[in-house]
Amino acid sequence: MRAQDFLSHTARMKTYVVRLRLKQKGYTQHMDTTVMARNPEQARRIIRQQYDDRNVIVGQPKELR
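Residue numbers 133 to 197, in the working numbering, belong to the letters of the sequence shown in order.
What follows is the structure in structure tokens.
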């Protein structure tokens, strides 16, 4: 089940694709990931919390349709 199955219709969650740049010791990794959030700003905040704010550069979230 998805998170939107538990929420009311007024609080619909959307799926966003986000491009990340993770800085590690000696190298940098680029990757795409998806996150479910109410808006792009919330999606960006979720990703930053998940990957530790100082080690990740988050691109512009784009909604999947």
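From the three backbone atoms N, C-alpha and C, an ideal C-beta is built for every residue, glycine too.
A quick note: this is a predicted structure, and the numbers were derived from the prediction, not measured.
From the DSSP secondary-structure annotation, give me the bridge partner or partners of residue i.
{"i": "residue 175", "result": "DSSP output for residue 175 lists no bridge partner at all."}
{"i": "residue 151", "result": "164"}
Secondary structure at residue i, three-state DSSP: helix, strand or coil?
{"i": "residue 184", "result": "coil"}
{"i": "residue 156", "result": "strand"}
According to the neighbour-count rule (16 or more other Cβ atoms, all chains shown, within 10 Å of its Cβ), is residue i buried or exposed?
{"i": "residue 159", "result": "exposed"}
{"i": "residue 179", "result": "buried"}
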